[in-house]
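Numbering-wise (this note's numbering), the sequence shown opens with residue 1 and increments by one.
Quick notes on the structure that follows.
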Amino acid sequence: MEDLTSQQLSALARVSDLLEEAEIAYWLFGGWAVDFYAGSVTRAHDDLDMAVWLVDLPRIAELLQDDGWRHAPLEDEDGGTGYERGAVRLELTYLVRDGDGRIFTPLRHGRAAWSEEALANDLGELRGVRSRLVALAPLMRGKSSPRADPEEAAKDRADFRQLSERRTL
């Protein structure tokens with residue numbers, strides 16, 4: 001686990017730097033965001049999850065490919081896409097703002113709403129790696145309702161416990 005964790009953190013540092021230098025907004029979410037808020041690596045992670053504006057995707061794709069990332073979409077992906085470099089997988093989730101200003105991820109069969117609050121300017125640091133993060137309160141709300149898949153639900157419950165413990169410190 002530690003080798004992949006180190007590779008993921010190194011990749012996150014690099015991608016964060018690339019996006020910051022290009023002035024492209026992004027937000028780390030999911031399990032890694034939990035770890036940044038917790039201040040330690042709490043479990044193994046399959047990937048890095050980042051939310052990005054869909055309009056920025058062409059620039060992001062060019063930056064990633066120039067940095068050695070390979071576009072690796074999943075057959076059933078919806079609302080985002082993936083990239084891989086070595087053993088590290090980066091999942092990009094698309095964000096769009098509609099005419100009324102509401103933020104959502106466009107899906108084949110509708111929309112997944114995002115709150116404005118989630119896209120705050122929260123920054124975190126873990127093992128010397130800095131990243132923008134989705135805001136804590138929306139992250140906690142998302143983790144408080146475990147997903148249907150049993151494996152994903154177990155991660156959500158563990159993540160929610162970590163975030164809840166952090167809030168009581």
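We treat Cβ as the ideally placed atom computed from N, Cα and C, and that holds for glycine.
Keep in mind the model is a prediction, meaning the values are calculated, not measured.
For leucine 107, the residue or residues it bridges with in DSSP: As a working mapping, residue 107 is identified with position 107 in the sequence shown. Partner(s): Gly110.
task: Specify, as a first and last residue, the run of the alpha helix (DSSP H) that glycine 31 falls within.
output: Here residue 31 refers to the residue found at position 31 when the sequence shown is read from its first residue. Looking at the DSSP string, the run of the alpha helix (DSSP H) that includes glycine 31 is 31 to 38.
query: What's the call for leucine 163, buried or exposed, on a 16-neighbour Cβ count within 10 Å?
result: Taking the first residue of the sequence shown as 1, we reach residue 163 at position 163. So leucine 163 counts as buried.
query: Would you call the region 62 to 79 and the region 115 to 128 in contact, with 3 or more CB pairs under 8 Å?
result: no
- prompt: Taking the DSSP output, what are the residues bridged to arginine 130?
  reply: Taking the sequence shown and counting its residues from 1, one reaches residue 130 at position 130. DSSP lists Glu125 as partners of arginine 130.
- prompt: Just how far apart, CA to CA, sit serine 144 and alanine 153?
  reply: Within the sequence shown, numbered from 1, the residue matching residue 144 stands at position 144. Within the sequence shown, numbered from 1, the residue matching residue 153 stands at position 153. When rounded, the distance between both Cα atoms is 10 Å.
message: Going by DSSP in three states, alanine 158 sits in which element: helix, strand or coil?
response: As a first step, residue 158 is located in the sequence shown; it is residue number 158 there, counting from the start. Here alanine 158 sits in helix by DSSP.
field: Sub-8 Å separation of leucine 238 and leucine 48 beta-carbons
entry: A question about residue 238 goes unanswered here, because the residues of the chain that appear run from 1 up to 169.
- prompt: What is the residue span of the beta strand (DSSP E) that threonine 81 lies within?
  reply: Stepping through the sequence shown from its first residue, residue 81 is reached at position 81. Where threonine 81 is concerned, the enclosing beta strand (DSSP E) stretches over 80 to 85.
field: Separation of glycine 79 from glutamate 20, as counted between CA atoms
entry: Here residue 20 corresponds to residue number 20 of the sequence shown, with the count starting at 1. Here residue 79 corresponds to residue number 79 of the sequence shown, with the count starting at 1. The straight-line gap from Cα to Cα measures roughly 23 Å.
message: Distance check for aspartate 66 and leucine 54, CA to CA, integer angstroms please.
response: The residue you call residue 54 lines up with position 54 of the sequence shown. The residue you call residue 66 lines up with position 66 of the sequence shown. Distance between the alpha carbons of leucine 54 and aspartate 66 is about 19 Å.
task: With DSSP as the reference, label valine 41 as helix, strand or coil.
output: Start at 1 with the first residue of the sequence shown, and residue 41 comes out as number 41. Of the three classes helix, strand and coil, the one that applies to valine 41 here is coil, per DSSP.
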